[in-house]
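First the structure, in the form of structure tokens, and then the observations on it.
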Amino acid sequence: MSTQKQEQPLERPVLEIMTSEVSVVEMWTTVRQAASLMAKSGCGCLVVVRGNLAVGIVTERDIVHKITAEGVDSEKVMIQHIMSTPLITVASNASIREAAEKMSTYEIRKIVVVDKVGKLVGLVTAGDLAHWLAELNQFSDPALNAIARLKMKGADGPYA
């Protein structure tokens, strides 16, 4: 009989579900350049860095609400003027639970993962959490699969 305690899924390290290849941009990049980078890389956000340190985040929503909807010239505004800061982060040795709790507390859909000196390590999104939960549930919950944007077997069409 084993006395070893089985680890709870939410206590697993956030490193297991994060995306480690994160698109980044410097603070003095124009919004137009950042939007172009987002379009080319297919990502919904960019982590703003100063050197190797993560200092902010800019999302598609930031660009739509702060630039496009206001009719502002995206070539004349720097990312530092629309980025969200201070940046909400989680340590690379944190649990999935801690990341999820911070995301809930701060009502954010993306959280930056950093090492002990603030260097960017990765990113966890609500989609990453949903995909992980769907996998834990053996992809048996169609609602969770939809939130995780998982294609159902045999599905076709423009949204499949």
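Numbering (numbering that gives the first Met the number 0), first residue to last: 0 to 159.
All residues carry an ideal CB built from backbone N, CA and C; glycine is no exception.
Express the C-alpha separation of residue j and residue i in angstroms, rounding to a whole number.
| i | j | result |
| --- | --- | --- |
| M77 | S19 | 25 angstroms |
| A92 | Q7 | Position check: residue 92 holds Asn in this sequence, whereas Ala was assumed. Taking the straight line from one Cα to the other gives about 16 angstroms. |
| V21 | G50 | 15 angstroms |
| K118 | H64 | 28 angstroms |
| A147 | S103 | 17 angstroms |
| M37 | V24 | 10 angstroms |
| E10 | A33 | 35 angstroms |
| E74 | G43 | 19 angstroms |
| E15 | A145 | 21 angstroms |
| A142 | K115 | 36 angstroms |
| K39 | L132 | 29 angstroms |
| S35 | S94 | 34 angstroms |
| R31 | M82 | 14 angstroms |
Residue i: which of the options sits nearest, CA to CA?
| i | options | result |
| --- | --- | --- |
| D127 | S40, A98, V24 and V113 | A98 |
| R96 | M37, M26 and I110 | I110 |
| A90 | E100, V120 and Q79 | V120 |
| Q107 | D61, L52 and K39 | Strictly speaking, residue 107 in this sequence is Ile, with Gln absent from that position. Here the closest residue by C-alpha is D61. |
| T58 | L9, G41, R49 and E100 | G41 |
| H80 | V13, T28, V113 and P12 | T28 |
| M26 | S103, V113 and V47 | V47 |
| V13 | D140, Y105 and E100 | E100 |
| Y105 | L86, A129 and H130 | L86 |
| T124 | L45, L52 and D140 | L45 |
| A53 | L132, L122, V30 and K39 | L122 |
Just checking my contact of residue i with residue j at CB under 8 angstroms: how many whole Å lie between their CB atoms?
| i | j | result |
| --- | --- | --- |
| G55 | T88 | Rounded, the Cβ-Cβ distance is 11 angstroms, inconsistent with contact. |
| V113 | M17 | The Cβ separation is near 11 angstroms, so there is no contact. |
Let me see if you follow: with CB-CB separation under 8 angstroms, is residue i close to chain D or not?
| i | result |
| --- | --- |
| N92 | The chain inventory of the structure shown lacks chain D, comprising one protein chain alone. |
> Which runs of the beta strand (DSSP E) spanning at least 3 residues fall entirely within the region 20-70, listed in chain order?
Replying inline: Listed in chain order, they are 23-25, 44-49 and 52-58.
> Can you find at least 3 beta carbon pairs, one from the region 58-74 and one from the region 129-144, that sit closer than 8 angstroms?
Replying inline: The answer is no - the region 129-144 does not touch the region 58-74, with fewer than three Cβ pairs under 8 angstroms.
> What are the complete beta strand (DSSP E) segments, minimum 3 residues, inside the region 86-113?
Replying inline: Fully enclosed beta strand (DSSP E) runs of 3 or longer: 88-90 and 109-113.
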